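Before any comments, here is the structure.
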Amino acid sequence: LKNFRGILQNNFGGLGVDFSQPTAADFQKLTEAFQKSVTEFYSLVAPRSLAAIHIEQIRLMSVQKAIFASLSDYEKDPMKALVAIQLSKEVDLKLNELKNQIVSYIAKNGLKI
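My numbering numbers the first residue of the sequence shown as 28 and each following residue consecutively.
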């Protein structure tokens with residue numbers, strides 16, 4: 028779980044994306060950060076008790092990467108970007124559910140991170 032958090036901090040911590048007025052370049056930065064994170068998540072060793080969470084995290088991050096790739100090309104394909112925005116709402120809900128599962132796992136197992 029510490030490595031999990033470290034990957035996210037390393038890849039997203041210093042992006043400097045202004046979400047109030049994001050640009051195509053910002054979306055491209057996010058796409059690259061998601062790709063790098065997915066690659067690094069595949070290399071993590073997860074205990075069997077966290078395997079389902081680990082797999083779902085990789086799946087959702089892969090979907091997010093595709094969403095931000097579509098958003099980075101919004102000028103070329105605005106309809107695809109619109110569909111990506113709609114999908115992002117569903118992914119956000121799934122990520123929140125996953126976060127709750129992680130918090131529950133931490134509490135259940137008395138972990139300190």
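Glycine included, C-beta positions come from ideal geometry on N, C-alpha and C.
Predicted, not measured: the structure shown is a model, and the values here were computed from it.
Proximal residues to residue i (C-beta, below 8 Å), its chain only, five neighbours per side dropped
i	result
A60	N38, F39, L42
I140	L28, K29, R32, I133
A108	S97, L98, D100, Y101
L71	N30, F31, I34, H81
Burial state of residue i (16 or more Cβ within 10 Å)
i	result
Q91	buried
Q48	exposed
F68	buried
K46	The sequence shown places Phe at residue 46, not Lys. Result: exposed.
S97	buried
L138	exposed
I34	buried
I82	exposed
Cβ-based neighbour list, residue i, same chain, cut-off 6 Å, excluding 5 preceding and 5 following
i	result
Q55	S99
I51	Strictly speaking, residue 51 in this sequence is Ala, with Ile absent from that position. Correct list, in chain order: S99.
Neighbourhood of residue i by C-beta, 7 Å cutoff - its chain only, sequence neighbours within 5 removed
i	result
L122	L87
P105	none
Evaluate the contact criterion for the stretch 49–64 versus the stretch 82–99: three or more CB pairs, one atom per stretch, below 8 Å. In this structure the stretch 49–64 touches the stretch 82–99; the number of beta carbon pairs closer than 8 Å is three or more.
Practice task
Would you check if there are 3 or more beta carbon pairs closer than 8 Å linking the stretch 73–81 to the stretch 104–115?
Solution key: No, they do not touch.
For the stretch 48–77, which segments carrying the alpha helix (DSSP H) assignment without a break, of at least 4 residues, lie completely within its bounds, in sequence order?
Scanning the stretch 48–77 from its first residue to its last, the whole alpha helix (DSSP H) runs of 4-plus residues come out as 51–70.
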